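Remarks on the structure that follows.
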Amino acid sequence: MHRIQVIDSHTGGEPTRIVISGGPDLGGGTVADQLKVFRDQHDKFRSA
Numbered sequence: 179m180h181r182i183q184v185i186d187s188h189t190g191g192e193p194t195r196i197v198i199s200g201g202p203d204l205g206g207g208t209v210a211d212q213l214k215v216f217r218d219q220h221d222k223f224r225s226a
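Going by this note's numbering, the sequence shown opens with residue 179, and the numbers climb by one from there.
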């Protein structure tokens, strides 16, 4: 089991979940690079 700490909030009326600790290491690079790593290698976090 992998534990992550999150904060649930609303942004523009839409629910959002912000990971504040325990998330995967996305490496360096731009936010776009990190998003690609997240989508390609860590989709289980999004779908949990």
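C-beta: ideal position from N, C-alpha, C; glycine also. Keep in mind it's a predicted model, so treat the numbers as computed, not measured.
Supposed contact pair residue j and residue i - C-beta distance, whole angstroms, cut 8 Å
i, j, result
"Gly205", "Val215", "6 Å"
8 Å Cβ shell around residue i - same chain, five flanking residues per side excluded
i, result
"Lys222", "none"
"Ile182", "Val197, Ser199, Gly200, Gly201 and Phe223"
"His180", "Gly200"
Bridge-paired residues (DSSP) for residue i
i, result
"His188", "Pro193"
"Gln183", "Ser199"
Option in the options with minimal Cα separation from residue i
i, options, result
"Val184", "Arg195, Gly191 and Val209", "Arg195"
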